[in-house]
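For reference, the structure is listed below as structure tokens.
Chains as they are written, first to last, in my numbering: chain F, 1 to 220; chain R, 1 to 220.
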């Protein structure tokens, strides 16, 4: 089962020995996580996670429980930051939650580390995967530092709408604030302003986008 | 000249061919940058910079000129982010300034990229260097998002004092604000509060730390 999946997603698969391929498969498990389940909490080495279906959210959390979403992983994406034992240079902790019901293959961290020691191609693949996420995180940092709150919220609502394929974002103000690393009052105030402008309608169920064009203009 | 320097700082040096070593040396230049000089402005591929003496500051800048320091590089440190043509996965722009008079060896980006294509050891070294800086940037993001301004300012003053070996930080409030990605008024207000508490003394020349112990407590 794993053999066929890894053949598709690991560019190094054909370059390593039969023994190493077998070793990786033997140290793999298939998990199905229900929506909302925490998969990795930054502490142990949870392993290398390959998303088969659904989506995962990667985020940082402060001691007080404040969060900021770093990026999301979809079908075919690989999470290296949950395998801190593979990459010595990663010294920070992230959290990973299933954002939908998600099926994932997980390769044990120590097993992946062992074969990557023997195979430079695996090592390069793991590092390149991590470095490509560096760019996502820099984008978040740039947003948080340099963008006004109205722009950030407009981008968040647009992204959520595109991601879910719906004009209604079914999240509470508190949830939106947590995902953006902001405070609920700040989000509520800004949503009230957007509603006053006729850009969104705020209801108990969430936030409905009324004027996509103006929302998009705010993101520019 | 370069041969002896690279032997010391590049762990892959003995593992690559004589031709590749010669090629890297032939595509290297020694530069002396005066304090304050901008070395890399995010646009072109400035090359791989190895610091021989002095120090460089790496930062992001918004369209409005707001800055945030990501990290500093000292003797023996290597800057890969100034060589975006070497690492495809790096898609963000950083700026690099000489913070003191600094001497640097610079390997041309295309030349470094060419030899790293041929040598997995170089590729792994370049990626590991980039990934290790990922952790520094995550720390900055954490600070900006989750820390109160008094704590951030206390950490900044402590770090500057440790870095320069002096109790007086000879920076204006505006400079401190720029380095921290904050606003001058916010820094001035907080320094006034620190001064009122007897932790620092603010003068025309900069900020003098009076009570190291209380400043340190604020950083915890």
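C-beta: ideal position from N, C-alpha, C; glycine also.
- Neighbours of residue 60(F) in chain R, taken as residues whose beta carbon is under 9 Å from its own, are 138, 141, 142, 145 and 146 in chain order.
- Judged by DSSP in its simplified three-state form, residue 179(F) adopts helix.
- Counted as a single uninterrupted DSSP element, the stretch harbouring residue 27(R) is not any alpha helix (DSSP H), since DSSP gives it neither H nor E.
- If you draw a straight line from the Cα of residue 105(F) to the Cα of residue 62(F), it is about 28 Å long.
- Annotation: the continuous alpha helix (DSSP H) that includes residue 135(R) extends over 120-146.
- Contact annotation for residue 66(F) against chain R: 145 and 146 [CB-CB distance below 8 Å, chain order].
- DSSP places residue 97(R) inside the beta strand (DSSP E), whose first and last residues are 95-98.
- Note that the C-beta distance between residue 86(F) and residue 65(F) is not below 9 Å.
- Closer than 9 Å to the CB of residue 156(R) there is not a single CB belonging to chain F.
- When only Cα atoms are considered, residue 119(R) and residue 16(R) end up about 7 Å apart.
- The count of Cβ pairs closer than 8 Å, one atom from the region 20-35 of chain R and one from the region 186-198 of chain F, stays below three, leaving the stretches out of contact.
- Around the C-beta of residue 128(R), 16 or more other C-beta atoms lie within 10 Å, and the residue is accordingly described as buried.
- According to DSSP, residue 32(F) shares a beta bridge with 103(F).
- Chain F places no beta carbon closer than 9 Å to that of residue 10(R), leaving this residue out of the contacts.
- At a C-beta separation below 7 Å, residue 87(R) has these neighbours in chain F: 131.
- Close to chain F, meaning a Cβ-Cβ distance shorter than 8 Å, is no residue of the region 31-53 of chain R at all.
- In this structure residue 134(F) is in contact with residue 90(R), their Cβ atoms being roughly 7 Å apart against a cut-off of 8 Å.
- Contact between the region 165-184 of chain F and the region 204-220 of chain F is present, with at least three C-beta pairs closer than 8 Å.
- Between residue 95(R) and residue 41(R) the beta-carbon gap is near 6 Å, inside 8 Å, which marks them as a contact.
- Within chain R, the residues whose beta carbon sits less than 8 Å from that of residue 124(F) are 120, 123, 124 and 127, listed in sequence order.
- Taking C-beta atoms under 8 Å as the contact rule, residue 52(R) and residue 69(R) fail to qualify, at a distance of about 21 Å.
- Secondary structure of residue 69(R) (DSSP, three-state): strand.
- Taking 9 Å as the cut-off, the beta carbon of residue 214(F) is found no closer than this to the beta carbon of residue 201(F).
- For the region 159-190 of chain R, residues whose beta-carbon sits nearer than 7 Å to a beta-carbon of chain F comprise 181.
- Taking the C-beta atoms as reference points, residue 55(F) is found no nearer than 9 Å to residue 107(F).
- Nearest CB-CB separation between residue 95(R) and chain F: not below the 9 Å threshold.
- The Cβ atoms of residue 45(F) and residue 82(F) sit closer than 9 Å to each other.
- Taking 9 Å as the CB threshold, residue 135(F) lines the interface with chain R.
- The three-state reading of DSSP puts residue 218(F) in helix, counting H, G and I together.
- Around the Cβ of residue 182(F), a 10 Å sphere holds 16 or more other Cβ atoms; the residue is buried.
- Residues of chain R with a Cβ closer than 7 Å to the Cβ of residue 91(F) are, in chain order, 135.
- Taking residue 50(F) as reference, the option from 22(F), 18(F) and 8(F) with the minimal CA-CA separation is 8(F).
- Within the model, the alpha-carbon separation for residue 178(F) versus residue 22(R) is close to 53 Å.
- Assignment of residue 75(R) by DSSP, reduced to helix, strand and coil, places it in the coil class.
- In this structure, residue 71(F) sits near residue 140(F), with a CB-CB distance shorter than 9 Å.
- It is roughly 7 Å from the alpha-carbon of residue 152(F) to the alpha-carbon of residue 219(F).
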